[in-house]
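Asker:
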């Protein structure tokens, strides 16, 4: 249809931009839905859309895994399109497995892998020769890291530079580190909601050159990661970090990890969604002496937030270009009416408005406010609040605001 007006190469360039349109998540559901729709518009566009749709594959069960293997066997070029392989058996399947199939929670390694994971082992056996351009391996909902599984997964190690582990339960820390160490070219590591048995000083292993670290974990496990990073010097080159705290951020290893990458860290996302709203901790000390250019704070406790805003001019690095704050919607009303909060923001406005230290700062984004009728501070209330308390920053045109979603508006 449209290819008769413009050369197909132009349309292919347009299609190539679609997966990266979402600022927060490449190949989001919206991007994939868009690619599906485009492929139905014009036959000439199908080939290009297919390339992008195959860049991330995620079989959930044996039948989907078999279909994927059949496609790749019949057309090996498809394997070269795959950049991300997600192996994610449904959590319900693991929970409902026969008692004899479930791994024991003791340190004893089962003689054979769980039978309900046979399709996963078949995938790991068949796919490596075809997936020559695989960059990321994501493993989710696996109740055990059997030695045979670690061996098969490591067949991707020559090309994989990103490893994501999600909801791995009842592991030993040694098993997780053993799996990580089988991938010598890792630049990115993500551990999300993984539970492992406490190690007995098992912090030895290969040193990695991580550039990106994403963690969502509990207090004790965060400390284990910090100790492992210290022992292997694997966190010294981190440039981007996302850390979501489950519990107190002071005692969960976050401060130690930040201390190890002070000179290299440029982008940090610190989320405190599970921290009690009345708990206070030294938030300013987390970013002191860093060289950040982008800082995103999500749902910090109110008391800690006020302390942070009061100390922002002292601890925020001059290199900061983009600051993004998501306040907890549950206390957005207190946020705009509490005298201490107003005083902290007014003082910040004075310092940002006159201090030449933050010449690089181009976006100061605050979001988490509600819509009319929700009983909380509305977007219009937020606008009036910041116009009153931060007039100098407002005049600079760098102040942005928004609801609890990621969409924000410029003042």
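Residue numbers (our numbering): 72 to 482. Glycine included, each C-beta is placed from N, C-alpha and C at the ideal position.
1) Give me the Cα-Cα distance between residue 301 and residue 335, rounded to the nearest whole angstrom.
2) Measure how close the beta-carbons of residue 203 and residue 230 come, nearest whole angstrom, since I'm counting them as under 8 Å.
3) Indicate the three-state DSSP secondary structure (helix, strand or coil) for residue 213 in the structure shown.
4) Hey, would you say residue 394 sits closer than 8 Å to residue 358, going by beta carbons?
5) Identify which residue in 158, 191 and 86 has its Cα closest to the Cα of residue 119.
6) Taking the beta strand (DSSP E) that residue 158 falls in, what are its first and last residues?
7) What first and last residue would you give for the beta strand (DSSP E) that runs through residue 261?
8) With 16 other CB atoms within 10 Å as the buried threshold, where does residue 138 fall?
9) Does the Cβ-Cβ distance between residue 248 and residue 209 come in under 8 Å?
10) Per the DSSP calculation, residue 397 is bridged to which residue(s)?
11) Need the endpoints of the beta strand (DSSP E) that residue 342 sits in, please.
12) Look at the alpha carbon of residue 243 and the alpha carbon of residue 314, and state the distance between them as a whole number of angstroms.
13) Can you tell me whether residue 78 is buried or exposed, with buried defined as 16 or more other CB within 10 angstroms of its CB?
14) Taking C-beta to C-beta, are residue 128 and residue 156 nearer than 8 Å?
15) Is the beta carbon of residue 144 closer than 8 Å to that of residue 205?
16) Relative to the alpha-carbon of residue 386, which residue among 417, 460 and 423 has its alpha-carbon at the smallest distance?
17) Cβ atoms of residue 281 and residue 316: under 8 Å apart, would you say?
18) Between residue 337 and residue 311, which are expected to be in contact by the criterion C-beta below 8 Å, what is the C-beta distance as a whole number of angstroms?
19) From what residue to what residue does the beta strand (DSSP E) around residue 234 run?
20) What's the call for residue 123, buried or exposed, on a 16-neighbour Cβ count within 10 Å?
21) Going by CA-CA distance only, name the one from 131, 197 and 278 that's closest to residue 158.
22) Note down, one range per segment and in chain order, each alpha helix (DSSP H) of at least 4 residues found wholly within the stretch 120-151.
23) Please name the residue, chosen from 339, 360 and 219, that lies closest to residue 333 on a Cα-to-Cα basis.
24) Helix or strand or just coil, what does DSSP make of residue 422?
25) Find out if the Cβ-Cβ distance for the pair residue 383, residue 419 is shorter than 8 Å.
26) Name the two residues that bound the continuous alpha helix (DSSP H) containing residue 203.
27) Which residue from 283, 147 and 136 puts its Cα closest to that of residue 192?
28) Near residue 224, which residues of its chain fall below 8 Å by C-beta distance, leaving aside the five closest residues on each side in sequence?
29) When you compare each of 103, 109, 101 and 100 to residue 83 by their alpha carbons, which one comes out closest?
30) Less than 8 Å between the C-beta atoms of residue 432 and residue 392, yes or no?
31) Roughly how many whole angstroms lie between the Cα atoms of residue 483 and residue 381?
32) With distance defined between alpha-carbon atoms, name the residue in 201, 451 and 457 nearest to residue 146.
33) Skipping 5 residues on each side, what residues in its chain have a beta carbon closer than 6 Å to that of residue 283?
34) How would you write the range of the alpha helix (DSSP H) that residue 107 sits in, first residue to last?
35) Tell me the rounded alpha-carbon separation between residue 150 and residue 116.
Answerer: On the basis of the data shown:
1) For the purposes of this step, residue 301 is identified with residue 230 of the chain shown, where counting begins at 1. For the purposes of this step, residue 335 is identified with residue 264 of the chain shown, where counting begins at 1. Residue 301 and residue 335: Cα-Cα distance of roughly 16 Å.
2) Mapped onto the chain shown, residue 203 falls at position 132. Mapped onto the chain shown, residue 230 falls at position 159. That pair is a contact at about 7 Å.
3) For the purposes of this step, residue 213 is taken as residue 142 along the chain shown, with counting starting at 1. DSSP places residue 213 in coil when its eight states are reduced to three.
4) As a first step, residue 394 is located in the chain shown; it is residue number 323 there, counting from the start. As a first step, residue 358 is located in the chain shown; it is residue number 287 there, counting from the start. Contact: no.
5) In the chain shown, the residue the question calls residue 119 occupies position 48. Answer by Cα proximity: 86.
6) The residue you call residue 158 lines up with position 87 of the chain shown. 155-158 is the span of the beta strand (DSSP E), which, as asked, contains residue 158.
7) As a first step, residue 261 must be located in the chain shown, where it is residue number 190. Taken as a continuous stretch (DSSP letters only), the beta strand (DSSP E) holding residue 261 covers 259-263.
8) The residue you call residue 138 lines up with position 67 of the chain shown. Classification for residue 138: exposed.
9) Translated into positions along the chain shown, residue 248 becomes position 177. Translated into positions along the chain shown, residue 209 becomes position 138. In this structure, residue 209 does not lie closer than 8 Å to residue 248 by Cβ.
10) As a first step, residue 397 must be located in the chain shown, where it is residue number 326. In DSSP, residue 397 forms a bridge with 369 and 438.
11) Position 271 of the chain shown, counted from the first residue, corresponds to residue 342. Unbroken beta strand (DSSP E) run through residue 342: 338-342.
12) Translated into the one-based positions of the chain shown, residue 243 becomes position 172. Translated into the one-based positions of the chain shown, residue 314 becomes position 243. Computed Cα separation, rounded: 22 Å.
13) In the chain shown, residue 78 corresponds to position 7, counting from 1. Exposed, because fewer than 16 other Cβ atoms sit within 10 Å of the Cβ of residue 78.
14) What you label residue 128 is simply residue 57 of the chain shown in a count that begins at 1. What you label residue 156 is simply residue 85 of the chain shown in a count that begins at 1. For residue 128 and residue 156, yes; Cβs fall inside 8 Å.
15) Counting from 1 along the chain shown, the entry for residue 205 is found at position 134. Counting from 1 along the chain shown, the entry for residue 144 is found at position 73. No, Cβ-Cβ distance for residue 205 and residue 144 is not below 8 Å.
16) On the chain shown, residue 386 is found 315 positions in, with the first residue counted as 1. The shortest C-alpha separation from residue 386 is found at 423.
17) Residue 316 sits at position 245 when you count from the first residue of the chain shown. Residue 281 sits at position 210 when you count from the first residue of the chain shown. Not closer than 8 Å, so no.
18) Within the chain shown, the letter at position 266 stands for residue 337. Within the chain shown, the letter at position 240 stands for residue 311. Right, their Cβ atoms sit about 7 Å apart.
19) Within the chain shown, the letter at position 163 stands for residue 234. From DSSP, the beta strand (DSSP E) with residue 234 extends over 233-237.
20) Numbered from 1 along the chain shown, position 52 holds the residue referred to as residue 123. Buried.
21) Locating residue 158 in the chain shown gives position 87, counting from the first residue. The residue with the shortest Cα to Cα distance from residue 158 is 131.
22) 133-145
23) Walking along the chain shown from the start, residue 333 turns up at place 262. With distances taken between Cα atoms, residue 333 lies closest to 360.
24) By one-based count along the chain shown, residue 422 stands at place 351. It is helical.
25) Here the question's residue 383 lines up with position 312 in the chain shown. Here the question's residue 419 lines up with position 348 in the chain shown. Cβ distance < 8 Å, so residue 383 and residue 419 count as in contact.
26) Position 132 of the chain shown, counting from 1, holds the residue named residue 203. Element bounds for residue 203: n/a, residue is neither H nor E.
27) As a working note, residue 192 is residue 121 in the chain shown. Closest option to residue 192, Cα to Cα, is 136.
28) In the chain shown, counting from the first residue as 1, residue 224 sits at position 153. Here the set comprises 195, 208, 210, 250 and 253.
29) Start at 1 with the first residue of the chain shown, and residue 83 comes out as number 12. It is 109.
30) Numbered from its first residue, the chain shown carries residue 432 at position 361. Numbered from its first residue, the chain shown carries residue 392 at position 321. Yes, the pair counts as a contact, with Cβ atoms nearer than the cut-off.
31) There is no way to answer for residue 483, as the model of the chain reaches only from 72 to 482.
32) Within the chain shown, numbered from 1, the residue matching residue 146 stands at position 75. Measuring from the Cα of residue 146, the nearest candidate turns out to be 201.
33) If you number the chain shown from 1, residue 283 lands on position 212. Answer for residue 283: 259 and 311, listed in chain order.
34) As a working note, residue 107 is residue 36 in the chain shown. That run of the alpha helix (DSSP H) goes 100-112.
35) Along the chain shown, one-based indexing puts residue 150 at 79. Along the chain shown, one-based indexing puts residue 116 at 45. Going by the C-alpha atoms only, they are around 20 Å apart.
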